[in-house]
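Worksheet: one structure, shown below.
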Amino acid sequence: MAVKVKDLPGPKGRPIVGNLFSLDLPQLHNSIEDWSEEFGDVFRLNLGIFDQLVITRPSMLQKIMKERPAGFARNSKMNQIIREGGVHGVFNVEGEEWKRHRPIVAKGLDVKHQKAFYPAIEPVLGRLYKKWTERADSGEPFYIQKDLLRFTVDVTSSLAFGYPMNTIEEQGGAIQDHMEKVFPMIFKRINMPVPWYKLYRTKDDKEFDVAVEEMNRLVDEFISAARKRLDENPELRENPPSVIEAIIVAAEEEDDISTEDVRGNLLTLLMAGEDTTAVTLNWMIYLLSQEPDVTESMRKEAKDVLGDKTWASAYEDNAKMRYIEGAAFESMRFKPVAPIMLFEANEDIELEEVFVKKGQRILTQHRFGSLKDENFSEASQFKPERWLREGKCPVHNTDAFSPFGGGARYCPGRNLAILEIRMVMSMLLKNFEVELITPYDSVNEKMAFTMMSSPYQVRLKKLWG
Ligand code: HEM
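Shown next as structure tokens:
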């Protein structure tokens with residue numbers, strides 16, 4: 000007999016309101032890990048008005064992700080809040096609508112496009128190298144995450160929008176200063192028991208509105224530029240060179256994709272592509288500060304592959320950096336930027352031993368299983384070789400590793416993210432030594448839709464001259 004959600008164990012909250020007002024949101028992912036140790040890998044969180052089903056068991060997470068879009072949807076409150084932020088795209092649409100949006104977006108991010116666009120994104124790496132050389136020359140400590148965010152926004156706009164943005168060299172008012180305000184606010188609103196922002200607007204709400212407006216303005220610029228390119232070169236319609244042309248052409252050909260959908264998907268890409276990859280790189284640099292042997296092996300690989308080159312100027316260079324990719328996966332195992340996902344059941348369903356009713360809200364936490372010896376040998380060790388065919392460890396349960404999600408809705412930007420990580424890490428390690436200035440133990444995790452680190456500083460030293 001399947002167990003009902005209301006009968007599952009879970010943390011005791013206060014009378015009536017349950018745990019609603021006692022959640023420490025920036026530490027929610029960690030609280031869930033603690034509760035999972037105490038109550039097991041499936042438990043109930045009493046949020047007063049409803050019971051949230053919380054799952055950390057890898058086999059169940061995989062079932063939920065694979066039963067989409069039919070069986071489970073993203074949490075409807077989250078979708079609505081993202082939409083209120085002017086974003087209506089593949090991340091937050093469901094069912095048939097999602098089936099129409101997904102192939103258009105995914106096609107523009109595929110490996111074929113990355114290869115074709117590499118000559119446009121490679122100069123972004125050159126600009127980052129120049130910036131880091133100046134930083135090394137100055138000897139001043141700096142917050143490396145800022146540079147990483149600028150790198151990823153320039154790459155995404157180049158690949159997805161065919162627009163050569165240059166926020167690495169531009170000073171002030173850059174787009175990601177606005178974007179930094181969007182994710183945390185969405186996360187805060189998702190978890191607000193009462194939507195106070197609908198009644199009065201705080202300073203943060205006002206800044207959020209400005210950020211959304213600014214991003215819409217930017218995307219409108221992208222759309223005008225792409226429309227002009229299509230008018231001037233009608234042959235591009237047959238084989239759209241980047242996501243933006245593909246979406247515009249699809250919208251013109253299909254009645255059910257509107258101009259709003261075009262804008263919504265572009266905003267989705269800008270938001271999904273920037274923070275996630277930059278924050279992953281930022282965590283990786285932080286973790287490597289405690290892994291001198293791994294860092295040396297990565298440096299050796301970068302030197303072997305790049306030879307005399309300063310950075311990966313050819314697309315093919317990146318594919319050879321398997322150890323660096325392994326280090327990226329290890330970083331994501333310890334510090335996944337999306338450790339939490341929110342779902343809703345579309346129908347009554349038995350999920351292993353639990354009976355899940357239609358409409359049930361579900362929170363999944365994806366790191367808990369990744370750090371268990373039952374899923375990965377010596378799980379507490381940072382071992383890039385576990386991801387290499389030749390270095391496979393005896394226990395290697397890939398179901399317990401889902402930093403890019405899973406099933407039909409897995410992240411379509413995965414390959415682009417891995418490409419960017421290989422590009423940046425090989426350039427960084429081939430040319431610079433990185434010294435962590437902020438004490439390692441004083442850096443904390445902070446959940447704000449993505450799981451960020453508290454700010455930390457590094458100093459770079461040139462390995463030549
Ligand atoms: C290290 C970097 C990244 C991480 C860790 C990451 C992680 C994720 C995760 C966990 C999801 C949810 C998947 C699911 O529901 O199963 C997702 C969805 C998505 N990601 Fe990424 N992502 C990254 C980079 C990117 C990039 C570079 C892009 C594009 C430029 C991108 C575009 C998207 C889109 C459009 C979706 C929605 C897919 C859908 O609902 O069908 N992501 N990502």
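Note that the sequence shown ends on residue 464 in numbering that gives the first Met the number 0; no numbers are left out. We treat Cβ as the ideally placed atom computed from N, Cα and C, and that holds for glycine. Owing to the predicted nature of the structure, the values given are computational and were not obtained by experimental measurement.
Handout entry: Spatial distance of residue 270 from residue 0 (CA atoms)
Key = 43 Å
Exercise for the section: Under 8 Å by Cβ, that's how I've got residue 213 and residue 177 pegged, so tell me the actual separation to the nearest angstrom. Expected result: 5 Å
Problem - CB of residue 364 within 9 Å of CB of residue 35, strictly - result: yes
Exercise for the section: Kindly indicate the opening and closing residues of the beta strand (DSSP E) around residue 51. Expected result: 50–54
Problem - Where residue 28 falls, given that 16 or more other Cβ within 10 Å makes a residue buried - result: buried
Exercise for the section: State the Cα-Cα distance for the pair residue 82 and residue 23, rounded to the nearest angstrom. Expected result: 25 Å
Practice task
Quickly, what does DSSP pair residue 43 with across the bridge? List them, please.
Solution key: 52
Exercise for the section: Please check the pair residue 130 and residue 146, which I expect to be a contact at CB under 8 Å, by giving their CB distance rounded to whole angstroms. Expected result: 6 Å
Exercise for the section: Report yes if the C-beta of residue 337 is less than 8 Å from at least one heavy atom of the ligand HEM; otherwise report no. Expected result: yes
Problem - the segment 341–355 touching the segment 402–411, judged by at least three CB pairs closer than 8 Å - result: no
Problem - Inter-residue Cα distance where the pair is residue 350 and residue 319 - result: 41 Å
Handout entry: Distance between residue 438 and residue 430 (C-alpha atoms, nearest Å)
Key = 24 Å
Practice task
For residue 63, name the three-state secondary structure that DSSP assigns.
Solution key: helix
Handout entry: Cα-Cα separation between residue 481 and residue 203, rounded to whole angstroms
Key = Only positions 0 to 464 of the chain appear in the structure, and residue 481 is not among them; the question remains open.
Practice task
Return yes when at least one heavy atom of the ligand HEM lies under 8 Å from the C-beta of residue 272, else no.
Solution key: yes
Practice task
Classify residue 103 as helix, strand or coil using the three-state DSSP reduction.
Solution key: helix
Practice task
Identify every residue that forms a DSSP beta bridge with residue 435.
Solution key: 457
Problem - Segment contact flag, the segment 271–280 with the segment 148–157, C-beta cutoff 8 Å, min 3 pairs - result: yes
Exercise for the section: Express the C-alpha separation of residue 418 and residue 483 in angstroms, rounding to a whole number. Expected result: What the structure shows of the chain is the stretch from 0 to 464, and residue 483 is not part of that stretch, so it cannot be assessed.
Practice task
Pull up the DSSP beta-bridge partners for residue 141, would you.
Solution key: 457
Problem - Under 9 Å between C-beta atoms of residue 367 and residue 395 - result: no
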